[in-house]
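Everything on this sheet refers to the single structure shown next.
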Amino acid sequence: MTDADASQIRHGQKIGRFVVEGELGSGGMGVVYMGHDRELDRRVALKVLRGTVDEQQRMRLMREGQAMARVVDENVITVYEVGIEGKLVFLAQELLDGGSLRQWLETKHTQREILAKFTAAGRGLAAAHRAGLVHRDFKPDNVLLGKDGRVRVSDFGLARSLASATDSPTTPYDPNVDALGRTSQDLGKSPMATMTRTGAVMGTPLYMSPEQHNGEPTDERSDQFSFCVALYQALYGDVPFGGKTTVALADAVISGRMQPPPRGASVPSRLRKILLRGLNTKPADRYPSMDALLADLAHDAWRNTRRYALVAGLGLLVAGAVVGGYTLRSRTDQRAVIPSRRTVAVLGFRNLSGDKTIDWVSGAMSELLATQLAGDDVRVTPAEDASRARADLALPNTDSFSPETLAKIRERLGSDAIVIGSYLQSGNELTLVAVVEDLAGARTKRIEVKGSPTELPALTEKAGAQIRDALGLSTLAVAKKSFAVLPNDATAQREFIDGTAALRAYNYRGAKQHLLAAMKIEPDFAPGHVALAQAYAGLFDADASHASAKQALATAKTLGIDQQMLVTAQANELLGNLSEAREHYQRLFAMHSDNIEVGLALARLQPADEAIDTIEALRKLGDDPRYDLAEASAELARPDPPKALELAKKASAAARAKGANLVLAEARALEGEALTLTGELALAQEAYEEAGKRYETAGDQLHRLAVMEALASLAVERGQLDEAFGKYNAIGALRLQAGQEAAASLAWSAEAHTLALRGNLSAAEKRLRDAEKYKGDDPVAVPTIDYVAATIAWGRGDAQSALALADKCTARSQAALMTQCLQLRGEISAELGDVAAARKAFEDGLAVAEKANNVLRTGALQLALAQLELDEAPGDDTVATKVADTALSVQPTAAARGAASLEAQAWIVVARARLVTAESQKALEAMEHVKKQQQLRLEVQRVTTDGLANAALGDSETPLGKIDVVKADADKGGSINLALEARFARAQVQLPSEQGKTELDAVLHDARERGLGRIVKLAEALASPQP
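The structure is reproduced here in structure tokens:
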């Protein structure tokens, strides 16, 4: 067949068992067709080499197929066949219908979406590395997408085994090839045509690492460099290294001469640090693996996810231009020195008319007065804080307070003046009486103004001028009121005020009713749509919440620039577009650096280091327990639990002294989180329970739900699996009702794990399928499912699947889950008899746990390593004594912290070590500390170890019945390995009887069949004649 014939294959032509259905794209080396697999009835992509094929081209395509076939991963494209048809060499692979990552990047996407796609592609690279391959040509063109969101790394034509990475990865440059690796024929062609032209650079210069440009050996860190170039380009809109020619580009890459980031680029500094590490010119200075790089990316994503789950967008209510008592306005005076200012709290007005239909006027006048009073010399306490203070201090509905009450208000709000009063409507006249309590000057001033009830803005403008005068403030400092504080229509004003008041009281149904009425009258009032989105979120109606938030974005253009940025930030936060929300808060805070509420909103969404910088700037404004709260959250994300605990306790004490109920609730919740990480489970439970009660009292169900999840997790650590199961079941349903699919997936994964620990594997598998439906691309939900699936697979005796899933979990997870994945991998390897792999997994997990200051996980991994030593030297008294000492050092820590499962494990290891040293009575005494366990694995270990101790003391009959019970439980749940463990113990108890020997032989046979090297080794030692 001629060259032309090869490149012009017709529709319907057969290549092997595939029928050609059309051309998808072409490149300098080959053509890509859509094909139909007649035997399996599926569409495929067919890569066909052009013209006469030389041995180098043939080997390259064959190598691509062989390389891709070695990697089985959901993020690597599947190769079906590599073959020869006449003179044609072809490769048949999975066909994806969503184009390439490069095409996807041509449209606008959020940073979160970009990171999700690249993280998935990175997992594909990591899988290739684990299979012993280095890709050597990673770029957006070589990442293919499905319309369903699937991400696949493709085109392994340049792949090399890591074992043979010393092969020269390049050939001389071709002047006809541009920096993207395209010939003139390639330009404008389909990104699927990625086969590099023969004789050209082996790789794509724009994405190649320094070692590739230099023709030096490559390894997985070379792929990491290419990955970071592509991710940098996607986030910044430009490449990190510039050069008009390949030679100039190579020089810049090799010397590490990066271009300055484009102006206006908004990439968090922590993310930039990750990229810069991966772009280091020296491979040794990059991440040690793709897994490590992905763990850092996942950690950043996890922090934002965690924060959003706790905040839920409900603390950001804005009724108009005033946020936290500051009127937002364009300002060119960026003074470094923050002006000294008064702090005024408007606490509402009493309705003297006896007509409840005008109760809303109190809220309307409070909002309008806040706008009138706010300026460079006055900070007005946010309406939400004022409302909470009224509730926390149980303030009566009056227009005067006692000196004692005024002192409490000042302590609670930090205000040096308050405004209260009353109003009376008579016919078409409204009389407003405002009482100004100047707490700093110990003066009281009474102000009375009259006007039309339909002209509230004019009425409050008069009152505001007189109040400022009473406080000795200049009217020149009043901000220009260029924004809508309330809807224009009087009825819409009433409904909006009643709706926002209901929101502050967590009456979401009432808020929804009033806000819908307001928006029906005035549909272009963007702050109303934000408030309505918050109401829907509180009602767990995610679709409606998102629709309202999108409407807020659509109508925000009618607002002034500052208020537009604020509404846009709030709406994006409600939509989960955290990078966009953060960007707008950042711009606002740059313009209004003395705005506490905007600063706190920004810190909540920033990476830890940036958040702490923002909080330090806020501290210059004075004391506020919320600063410590925000910094505690940032320290947890670093992670530094002891520092976070110190700050959370400080915030709790200050909030308790001020009577700030919700601030105290959040502070106690953060204490609980920090205490959990430091292993203080009893104290953590106490903190969480108080937080939950305070959230419930306030009616804040979303935060209460987060506390329920934490208490369920604690129940697992305490060994109370039944309690945890009930909580997770309810939480999953509530999260799904709220539209929080990833959170529902996490709850149901946790429930499935609880069931697996109980030994009910069938029920665990069923619940995990529910979790699978809603995981999406969530950076926490996805690896959690891998972990639980690995646990179930191992329980079923499927070691290879369990190991693969544990590896995927390790690659995708952040520190807290990574330690569990590594421990599971170590336990599986130990049972298989692969001591070296087990030790490495345990030691890697221990390093992660120690770095994260996770005391309990550190103890668990220390015990795992100790048990490994004991199994490796079953008759060595010296080793056994050392193991017992290790376990006895872990036990008090576990006991003091209420970690019942860890404490039980420690005593079991002690007892097993005592059996080796022939101290059977001490072994039995150790087992007296271990009560019946809900976790089946621990219960099997408890019963079998106790049985062996009793048998060593002469009682062989009593243990057998108990062992039979746990074996039956394991059989019933499908836990094959645990059932074999029980049988092994039964055989040991009966030795040296013939029945015991017979049972030992059967156990040894089954263990060999299943590849359970640990039991094989121990059983062989028992079966061998003793000297």
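Counting with the working numbering, you get residues 1 to 1027 for the letters of the sequence shown.
The C-beta atom is built at its ideal place from N, Cα and C for all residues, glycine as well.
Just so we're clear, the structure is a prediction, and the values are computed from it rather than from any experiment.
Whole-angstrom C-beta distance between residue j and residue i, which should lie under 8 Å
i           : j           : result
residue 720 : residue 934 : 7 Å
residue 838 : residue 830 : 4 Å
residue 79  : residue 91  : 7 Å
residue 845 : residue 819 : 5 Å
residue 641 : residue 853 : 5 Å
residue 272 : residue 278 : Not confirmed; about 11 Å, so no contact.
residue 668 : residue 690 : 5 Å
residue 883 : residue 841 : Going by Cβ atoms, the distance from residue 883 to residue 841 rounds to 18 Å, so no, they are not a contact pair.
residue 413 : residue 345 : 5 Å
Beta carbon of residue i nearer than 7 Å to that of residue j
i            : j            : result
residue 984  : residue 1003 : yes
residue 418  : residue 437  : yes
residue 850  : residue 858  : yes
residue 128  : residue 72   : no
residue 744  : residue 759  : no
residue 871  : residue 986  : no
residue 589  : residue 602  : yes
residue 612  : residue 634  : yes
residue 83   : residue 16   : yes
residue 903  : residue 911  : no
residue 757  : residue 781  : no
residue 538  : residue 508  : yes
residue 742  : residue 755  : no
residue 98   : residue 146  : yes
residue 420  : residue 399  : yes
residue 811  : residue 126  : yes
residue 211  : residue 218  : yes
residue 1000 : residue 1019 : yes
residue 30   : residue 14   : no
First through last residue of the alpha helix (DSSP H) which encompasses residue i
i            : result
residue 1017 : 1013-1023
residue 749  : 741-758
residue 722  : 721-737
residue 963  : 957-973
Range covered by the beta strand (DSSP E) that runs through residue i
i           : result
residue 34  : 30-37
residue 45  : 42-49
residue 93  : 88-94
residue 418 : 417-426
residue 351 : 342-351
residue 762 : Counting along the chain, residue 762 falls outside any beta strand (DSSP E), though it belongs to the alpha helix (DSSP H) covering 761-773.
residue 143 : 143-145
residue 883 : Segment 877-896 is the alpha helix (DSSP H) holding residue 883; no beta strand (DSSP E) there.
residue 432 : 429-438
residue 79  : 79-85
Cβ neighbour criterion (16 or more within 10 Å) applied to residue i
i            : result
residue 945  : buried
residue 454  : exposed
residue 652  : buried
residue 949  : buried
residue 170  : Residue confidence is low: residue 170 scores 39 on pLDDT, short of 50, so the model does not pin down where it sits. Its coordinate-derived value is still stated next. That one is buried.
residue 905  : buried
residue 769  : exposed
residue 403  : exposed
residue 450  : exposed
residue 579  : buried
residue 779  : buried
residue 623  : exposed
residue 1005 : exposed
residue 520  : exposed
residue 993  : exposed
Check: residue i C-beta below 6 Å from any heavy atom of the ligand PLP
i           : result
residue 624 : The ligand PLP is not among the ligands present in this structure, which contains no ligands whatsoever.
Item to check | 4 or more residues per run - each alpha helix (DSSP H) lying fully within the segment 984-1014 | outcome: DSSP runs (the alpha helix (DSSP H)) wholly in the segment 984-1014: 994-1010.
Next on the checklist: Suppose only complete runs of 4+ residues qualify. What are the alpha helix (DSSP H) ranges in the segment 482-562, listed by chain order?
Outcome noted: The segment 482-562 contains these whole alpha helix (DSSP H) runs: 490-504, 508-521, 526-538 and 542-555.
Item to check | Contiguous beta strand (DSSP E) assignments of at least 3 residues, all confined to the segment 372-406 | outcome: Assignment of beta strand (DSSP E) within the segment 372-406, counting only whole runs of 3 or more residues, yields 378-380 in chain order.
Checklist entry - Mind pulling the alpha helix (DSSP H) runs of 4 or more residues that sit fully within the segment 795-878? => result The qualifying runs are 799-812, 815-832, 835-851 and 855-872.
Next on the checklist: For a minimum of 3 consecutive residues, which ranges assigned as the beta strand (DSSP E) are wholly contained in the segment 620-653?
Outcome noted: Secondary structure remark: continuous beta strand (DSSP E) runs of at least 3 residues inside the segment 620-653: none found.
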